[in-house]
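**Student:** Residues are numbered in my numbering as their position in the sequence shown, beginning at 1, plus a constant of 871. Sharing a structure, written as structure tokens. Questions coming.
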Amino acid sequence: MTTVHPEWYWDVARQLGDLSTKLEQKLRELDGNLDISRSAGVHSTAGTGWAAAYSQSAADIFELASLSAIAAGNFAKMVHTAGANHAEAENKNAPEKSQIPIPPPPQVTSLQYSLHPTRLCNGGLGDIPGRWHLIDGRHKKAWADCDTGKIEHASQLFGKFSGEFKDVKLNLPGNPDEPEDVPMIRSAVGRFLNAVDDVSAFSGYLGSACHEVADKSHIEREQIKQVLFYCEMTINTWKITRAAPPLRWFVKKMIDAYIEELKDRAGRDVDTLLTELDGFVDGAVQQTGGSMAGATGDVQLWLAPFLGRYARQGYPATGRNLFDNIRAGRDGELRAGLDPNAPKRAVFVNGRTRIPDRIDDVNRQVTEVKNTNDTQGSAQQIHDESDWAAQNGYTMTLVVDNRTQLAPDTQQLVNEGRVTVIREELDDNLPKGQSPTPFIPKPNWGPPASNKDPRGSTGVPVP
């Protein structure tokens, strides 16, 4: 005979609700403490490459954590409802017995869509070393003006966030003669916790990458300063020798030539160190490379039932009219963390007036958001805004949806390090008439087997 314990459902729902609110709380704490502004540096390829890698990885982690919080909240409500349904059935079947009181639903996250990092890492300190003039015209690489202190602090914060959600488990006690939905809920909890495990894992990877970039950049910066220091010290020694009264003119000429060679050698040494830094940072970047595909796979495979939709999918949006596109543009700005109602500033560049979505004069950053299928129609606008940014000492960030295809001109700007692209879920991209429909999946549930690419799952999943 089946024995129902409604309290079991409500306890599981409470735990899911607590996890839902904790994910949001810790994510907001992380964002509030994460001061990464203008830390990557503008040097190529280490600085610009790190800006792109960090920005995308951080956005992926924030999205996976946010969607996990939303999924946990939906899951909690469904489990609570299942318990309430069992209690109501018990109360109805045995009205002569003491009625089972039904508690209110658990508190869950307030998130409706994903949070994203508030601050951008693009840009640098501009802290050219005092002796840099010694190698003017004798080096090819730009000074590594990254803020290693901020990058190391980010490492600690992501490491702490990772630890908050490492090996999360829920208490799911067994009972004899359980209803058939209890094993299904247990299985679904395991499915959901796979995504939470990856929230921890990806955060840990980014934390490690931040530490490596900060450590290697600090070492290379100090070594470059040492090269310049010894260059200056040696030059000054030879200048003293040159100033000695009995020195013949041809000896002075030899000393002058040697001083020039010292400067040339210092320039070459600086380029060598900066090239080494490019390699070090590229190695760290590889640690973050799996976050985008991993986060997409998680939300498509593990979280889709609880979200009631396939998130972060890559199919073009269809069937939209002008008003739909305008609304999508405003929604995209809001999801990217920009206020669509905030005043915008026009700039004049290349003979045209452009209005970027945000110009941050404090951090010298230009941001443009495109919640579109592609950037072909905006390619000239993006190019103009990147030109204005470069001419005025600003960096430019282009935030696009996961489905957005970059026009060749836009991709070229990205390849050159002039534009940093961040892909975020700016749009649910549901067909008209559809809305999220969460459900508790059976143990063998999965996306349609025909999908070879996880971005290919669209719309609302079915049980």
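No residue lacks a Cβ here, since even glycine has one placed at the ideal position from N, Cα and C. Just so we're clear, the structure is a prediction, and the values are computed from it rather than from any experiment.
(1) Is it the case that the Cβ atoms of S1257 and R1289 are separated by a distance below 8 Å?
(2) Going by other Cβ atoms of all chains shown within 10 Å of its Cβ, with 16 needed for buried, is I1111 buried or exposed?
(3) According to DSSP, what are the bridge partners of Q1236?
(4) Measuring CA to CA, which of E1239, T1243 and D1232 is closest to R1198?
(5) Could you spell out the range, first to last residue, of the alpha helix (DSSP H) harbouring F1310?
(6) Looking only at DSSP bridge pairs, what is A1290 linked to?
(7) In whole angstroms, what is the alpha-carbon distance linking E1251 and L935?
(8) Using the Cα positions of D1068 and G1154, report the straight-line distance between them to the nearest angstrom.
(9) Pull the bridge partners of D1245 from the DSSP assignment, please.
(10) Please find out if some non-hydrogen atom of the ligand GTP comes closer than 7 Å to the beta-carbon of N1244.
(11) Could you tell me how far apart the beta carbons of E1091 and E1147 are, in whole angstroms, since I believe they sit closer than 8 Å?
(12) By how many angstroms is the C-alpha of L1172 removed from the C-alpha of W1316?
(13) Quick check on T1224: does DSSP put it in helix, strand or coil?
(14) Can you check which of these residues, R1206, A924, T1189 and D889, is closest to N1300 by C-alpha distance?
(15) For the candidate residues D1038, A1013, N993 and G1203, whose alpha-carbon lies nearest to that of K1241?
(16) Rounded to a whole number of angstroms, what is the C-alpha to C-alpha distance between G918 and G1330?
(17) Are the region 1218 to 1238 and the region 1176 to 1191 touching by the rule of at least three beta carbon pairs closer than 8 Å?
(18) Ends of the alpha helix (DSSP H) at H951?
(19) Rounded to whole angstroms, what is the Cα-Cα separation between A1207 and L1297?
(20) Report the CB separation of P1332 from A1175 in whole angstroms; it is logged as a contact under 8 Å.
(21) Any idea if M872 is buried or exposed, counting beta-carbon neighbours within 10 angstroms, 16 or more meaning buried?
(22) So, are the CB atoms of H1010 and V1141 less than 8 Å apart?
(23) Just to confirm before moving on: does the CB-CB distance between Q927 and M1104 stay below 8 Å?
**Tutor:** The structure says:
(1) yes
(2) exposed
(3) D1231 and T1266
(4) T1243
(5) Counting along the chain, F1310 falls outside any alpha helix (DSSP H), and DSSP gives it neither H nor E.
(6) For clarity, residue 1290 is Val in the given sequence; the question names Ala instead. Paired residues: none, contrary to the question.
(7) The sequence as given places Gln at residue 1251; Glu does not occur at that position. So the two alpha carbons sit approximately 33 Å from each other.
(8) 24 Å
(9) Q1276
(10) Annotation note on the ligand GTP: not contained in the displayed structure, which lists no ligands.
(11) 7 Å
(12) 9 Å
(13) strand
(14) T1189
(15) G1203
(16) 38 Å
(17) no
(18) A917 to N964
(19) 7 Å
(20) 5 Å
(21) Confidence at M872 is low in this model, with a pLDDT of 48, below 50, so its placement is unreliable and the value that follows should be read with caution. Exposed.
(22) yes
(23) no
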